[in-house]
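Step one of this worksheet: look at the structure below.
There are 2 protein chains.
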Amino acid sequence: MKLQVKDLINFSRGAALLGTGGGGDPYIGRLMLEQALLKTGKLNIINLGEVADDALVVSVAMMGTPTVLVEKFPNGSEAENCLRAMEDELGRSIDAIIPAEIGGFNSAIPLVLSAQTGIPVINADGMGRAFPELQMVTYSAYGGAISPCVMTNERGDVVTIKSTNNRTTEMLARSVVMQMGGSAQICCYPMEGRFIKKYAIAGTLDIALGIGSAISQGRASGDPFEELISYLASTEHYRHSKLLFDGKIVDLVRKTSGGFTTGTASLSELGASEVSFEIVFQNENLAVRSGGRTLAIVPDLICILDRETAEPITTEALAYGQRVKVMAVSAPALLRSDAGLQAFGPKAFGIDEPFRPFESRE
Amino acid sequence: MKLQVKDLINFSRGAALLGTGGGGDPYIGRLMLEQALLKTGKLNIINLGEVADDALVVSVAMMGTPTVLVEKFPNGSEAENCLRAMEDELGRSIDAIIPAEIGGFNSAIPLVLSAQTGIPVINADGMGRAFPELQMVTYSAYGGAISPCVMTNERGDVVTIKSTNNRTTEMLARSVVMQMGGSAQICCYPMEGRFIKKYAIAGTLDIALGIGSAISQGRASGDPFEELISYLASTEHYRHSKLLFDGKIVDLVRKTSGGFTTGTASLSELGASEVSFEIVFQNENLAVRSGGRTLAIVPDLICILDRETAEPITTEALAYGQRVKVMAVSAPALLRSDAGLQAFGPKAFGIDEPFRPFESRE
Chain A
988 MKLQVKDLIN FSRGAALLGT GGGGDPYIGR LMLEQALLKT GKLNIINLGE VADDALVVSV
1048 AMMGTPTVLV EKFPNGSEAE NCLRAMEDEL GRSIDAIIPA EIGGFNSAIP LVLSAQTGIP
1108 VINADGMGRA FPELQMVTYS AYGGAISPCV MTNERGDVVT IKSTNNRTTE MLARSVVMQM
1168 GGSAQICCYP MEGRFIKKYA IAGTLDIALG IGSAISQGRA SGDPFEELIS YLASTEHYRH
1228 SKLLFDGKIV DLVRKTSGGF TTGTASLSEL GASEVSFEIV FQNENLAVRS GGRTLAIVPD
1288 LICILDRETA EPITTEALAY GQRVKVMAVS APALLRSDAG LQAFGPKAFG IDEPFRPFES
1348 RE
Chain B
988 MKLQVKDLIN FSRGAALLGT GGGGDPYIGR LMLEQALLKT GKLNIINLGE VADDALVVSV
1048 AMMGTPTVLV EKFPNGSEAE NCLRAMEDEL GRSIDAIIPA EIGGFNSAIP LVLSAQTGIP
1108 VINADGMGRA FPELQMVTYS AYGGAISPCV MTNERGDVVT IKSTNNRTTE MLARSVVMQM
1168 GGSAQICCYP MEGRFIKKYA IAGTLDIALG IGSAISQGRA SGDPFEELIS YLASTEHYRH
1228 SKLLFDGKIV DLVRKTSGGF TTGTASLSEL GASEVSFEIV FQNENLAVRS GGRTLAIVPD
1288 LICILDRETA EPITTEALAY GQRVKVMAVS APALLRSDAG LQAFGPKAFG IDEPFRPFES
1348 RE
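Chains as they are written, first to last, in the working numbering: chain A, 988 to 1349; chain B, 988 to 1349.
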């Protein structure tokens, strides 16, 4: 896969859609990526199949609350500091970087790091979307360890966490993120090539670009939503997608606490005043309900898009009065399995209802 | 210096007095030390002067809230895990251990570790008392770095913090302590022998034993306070001491928050009902006031002792109705210097008044 400066608007837009409300601000991600590409010119993206079985692969990402990230963005050296500290910790050099998640910001971080270091990035990730916690990754759901996990900030502080329990690692890392001011660079999940070839979600960088391009083409030809749904149906992971709601945001409760951005967006139909639709989020959109009925729930993707342009809107950018369409997209198969649902199903978020694919609801 | 099982009651009692309310529960410290001594029989305590200039010395301690420690005590392997992780981090073996502080529990930890590993413990510490925060140590006040700092818990989790800013290291470590349940084992301040020979408070393990022995002898001969004050006057660091108050605890506000035990004890004279004396604490006793006047303040030592037996009472063991005597003891010279006061003076605790030695107050 090739990614050039001219592709970045589409790529970031598509990544933001897959971020399903989270994954960080796509604008900042795109600016960082553009700058890195213009400076170094090199970006080595390889496919999952090209990774050697014994290659050492790690994930890098920004961890924290998206609302903080908008004002406290990286100085550009954290990711490489983090990677080098991980190499010191492991005592060997890292062969490839794999994104932890796809999102507007967190898809850019590994690419920027690749441009800086020349280490290849794998065209895949551990979710096919974004999730708020470190253990909510296929690598963890299928037996991989987050630890050792290295965290850095813009001041050069370095924290290394080692635990055999992924939930403990997440909790320790979350407390460090909060102390670091709400966001931090993280390098974790040291894995072998043979493991990620089995459990990563393949081709998602490609798909992000495809999604963004479909929206652009749709805008030119008249209906970005139609193009988008038709493109998603052609992909391996996102066969089903559907518009659930067309209306406006009439109430918004959003707070930054515990290292997350959490809240609820209430929507009504255009011209109506009563609330007929609700979306709850924890960094990412978790569930949509209407009249007491759940229409879609994690790990299925719930995307809030501008109702004219289909531009994805992240949770920290939601605002009163926005005219939006809400879309559900089926999650990749590895997320809908029993192991997947245990890691990222409704119960993992404290929602006491079973997962049901949105496309099987009437 | 020799320390045998028969000395442990006196040693722990004296260390608890120097802990000035903090430093952890002396009973648990003594039990751990007794068990370690009976099991291994070896305890190699060396004097500060015997340390080689180029020796690698580290501090070990339990960090957290004393109230938690009483119920969640170590399983015995944390300290060695912590030390070995520090050796891995530094890439060389550690030549000697120096206590960070003197306190009922935290004087025992390095000794237990020495008994387990055979690595000598230095008869000295970084405060000559106890303080609540990591950077409140002479090593930091005189230019040493806390970092790298390794933390472990009873489950085998390991967190390593590296920062050039000691205040940042304290804040990151504090957030990890809280996530680890309120207390954690810590190994930090890797230093050279030549540095600690200049800035450690020498002989404080000896003095702890001397204090405990003086109290015991005084109990036998009639007045433990008289013996105690006379012994302190003979030491290098604690020349001045004075009984400030004799009465009972009539009110106690104590909470566990932010990784500390904080609060206020109010006292009245025996037979009286109005409050005439107040002690504020943050793990350790910080200041005593009577009728709006400050009688003693950090870094001077403020010790609450049973009024009959002179048994030191730590902040987590304070209780309504206790009959106590309150004693002030002059802090070692390295703590009363400008550099010392910046690190552990009243302002370091948010108390807006200048330090004045208690013995110069009328």
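All residues carry an ideal CB built from backbone N, CA and C; glycine is no exception. Please read all numbers here as calculations on a predicted model, not as lab measurements.
Start and end of the alpha helix (DSSP H) containing residue i?
i	result
B:Gly-1197	1191 to 1208
A:Asp-1325	1325 to 1331
A:Gln-1103	1095 to 1104
B:Thr-1243	Segment 1228 to 1244 is the beta strand (DSSP E) holding B:Thr-1243; no alpha helix (DSSP H) there.
B:Ala-1160	1153 to 1166
A:Gln-1022	1013 to 1027
A:Ser-1217	1211 to 1220
A:Asn-1068	1065 to 1077
Using alpha carbons as the reference points, say which of the options lies closest to residue i.
i	options	result
A:Asp-1233	A:Ser-1253, A:Asn-1272, A:Thr-1222 and A:Tyr-1218	A:Ser-1253
B:Arg-1357	B:Glu-1303, B:Glu-1346, B:Gln-1309 and B:Met-1314	The requested residue 1357 of chain B is not part of the displayed model; chain B covers only 988 to 1349.
B:Glu-1261	B:Ile-1236, B:Leu-1025, B:Val-1285 and B:Asp-1012	B:Ile-1236
A:Leu-995	A:Asp-1041, A:Phe-1092 and A:Ile-1289	A:Phe-1092
B:Leu-1035	B:Thr-1007, B:Val-1047, B:Phe-998 and B:Pro-1086	B:Pro-1086
A:Leu-1024	A:Asp-1293, A:Val-992, A:Thr-1248 and A:Lys-1229	A:Val-992
B:Asn-1152	A:Ala-1160, A:Arg-1154, A:Asn-1152 and A:Arg-1142	A:Arg-1142
B:Val-1047	B:Lys-1334, B:Ile-1081, B:Ile-1216 and B:Gly-1028	B:Ile-1081
B:Gly-1001	B:Ile-1109, B:Ala-1117 and B:Pro-1107	B:Ala-1117
B:Gln-1316	B:Arg-1226, B:Gly-1258 and B:Gly-1205	In the sequence under discussion, the amino acid at residue 1316 of chain B is Val, which differs from the Gln named in the question. Looking at the Cα atoms, B:Arg-1226 is the closest of the given residues.
A:Arg-1079	A:Leu-1043, A:Thr-1104, A:Lys-1229 and A:Gly-1105	A:Leu-1043
B:Asn-1270	B:Tyr-1014, B:Ala-1304 and B:Ile-1106	B:Ala-1304
Taking C-beta to C-beta, are residue i and residue j nearer than 8 Å?
i	j	result
A:Val-1137	A:Glu-1076	yes
B:Asn-1272	B:Ile-1291	yes
A:Thr-1302	A:Gly-1009	yes
A:Met-988	A:Ile-1032	yes
B:Ser-1170	B:Thr-1052	yes
B:Gly-1115	B:Pro-1319	yes
A:Asp-1327	A:Thr-1156	Inspection of the sequence shows that residue 1327 of chain A is occupied by Gly rather than by Asp. Contact flag unset, no.
A:Asn-1350	A:Glu-1088	Any question about residue 1350 of chain A goes unanswered here, given that chain A covers just 988 to 1349.
B:Val-1045	B:Pro-1211	no
A:Ala-1160	A:Leu-1121	yes
A:Ala-1095	A:Leu-1020	yes
A:Val-1275	A:Ile-1289	yes
A:Gly-1168	A:Phe-998	no
B:Gly-1090	B:Ala-1189	no
Could you check how far apart the C-beta atoms of residue i and residue j are, in whole angstroms? I think they sit under 8 Å.
i	j	result
A:Ala-1377	A:Gly-1113	Because chain A in this structure spans residues 988 to 1349, residue 1377 of chain A falls outside the shown range and cannot be described.
B:Leu-1005	B:Thr-1296	B:Leu-1005 to B:Thr-1296, Cβ: 17 Å. No contact.
B:Leu-1196	B:Ala-1102	Contact flag wrong, Cβ pair sits at about 16 Å.
A:Leu-1100	A:Glu-1067	6 Å
B:Met-1123	B:Phe-1331	5 Å
B:Ser-1277	B:Ser-1255	Actually they are not in contact, since the Cβ atoms of B:Ser-1277 and B:Ser-1255 sit about 11 Å apart, beyond 8 Å.
A:Leu-1215	A:Ile-1202	6 Å
A:Lys-1149	A:Ser-1134	5 Å
A:Val-1285	A:Pro-1333	6 Å
A:Arg-1181	A:Leu-1282	The Cβ separation is near 39 Å, so there is no contact.
A:Lys-1184	A:Val-1038	6 Å
Buried or exposed: residue i, going by 16 or more other Cβ atoms within 10 Å of its Cβ?
i	result
B:Met-1314	buried
B:Asp-1339	exposed
A:Glu-1223	exposed
B:Gly-1337	exposed
B:Ile-1329	Reading the sequence as shown, one finds Gln at residue 1329 of chain B and not Ile. Exposed, by the Cβ-count rule.
B:Asp-1012	buried
A:Gly-1205	buried
A:Ser-1208	exposed
B:Leu-990	buried
A:Arg-1294	buried
A:Gly-1258	exposed
A:Gly-1246	buried
A:Val-1108	buried
B:Ser-1217	exposed
A:Lys-1242	exposed
Taking residue i as part of the beta strand (DSSP E), name the residues at either end of that continuous run.
i	result
B:Met-1314	1310 to 1316
A:Lys-1149	1145 to 1149
B:Ile-1291	1288 to 1293
A:Leu-1254	1247 to 1256
A:Ile-1084	1083 to 1086
B:Ser-1046	1043 to 1051
B:Leu-1004	Not the beta strand (DSSP E): B:Leu-1004 falls in the alpha helix (DSSP H), residues 995 to 1005.
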